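Colleague: Pasting in a structure now, in structure tokens, and then I'll have a few things to ask.
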Amino acid sequence: MSLTIQERLLRASWLPSVLRAARVAVFPDNALAPARIPPTSDEAADIRRECAHTIVDTIPALVRASLFATKDRDLMREDVATELDLLADAYINKHLIVSIIELLVVRLFPELKPIDGGNTVD
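Residue numbers for the sequence shown follow UniProt numbering, beginning at 1 and rising by one.
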């Protein structure tokens, strides 16, 4: 995979145009987008409730019954909302993002994996 990325994606003739297109897509008119307005506490609660509702409704009924050990959807939504509250901690989010990035880098470039079996995520 690393060789494929180096041969096909990181070609010197191809890379400048791709980077230019990415910059235009991310920063239209060479300017940052306006800062987003953070949701109020009521809006954040509504967002979490809707997220839990969507997650429970997305899971097939057979899997839902065995995963939550109940058929009560309200109880399932409460369980999912409780689990989602874990992601409200900034430290946990930072650790999760760093672990995901580290996993992606090690999978794309296996030669970067520590030899001693250090803190990389497997």
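Yeah, the Cβ is synthetic: ideal placement off N, Cα and C, and Gly gets one too. In this text the structure is predicted, and so the values were computed from the model without any measurement.
1) Taking the C-alpha atoms as reference points, what is the distance between Thr-4 and Glu-102?
2) Closer than 7 Å by C-beta to Ala-65: which residues in its own chain qualify, once you throw out the five before and the five after it? Chain order, please.
3) Using the Cα positions of Asp-74 and Arg-20, report the straight-line distance between them to the nearest angstrom.
4) Is Ile-101 helix, strand or coil when you go by DSSP?
5) Would you mind stating whether Arg-77 and Val-98 have Cβ atoms separated by less than 7 Å?
6) Are Phe-109 and Ser-2 closer than 7 Å when you measure CB to CB?
Modeller: In short:
1) 20 Å
2) Lys-71
3) 48 Å
4) helix
5) no
6) yes
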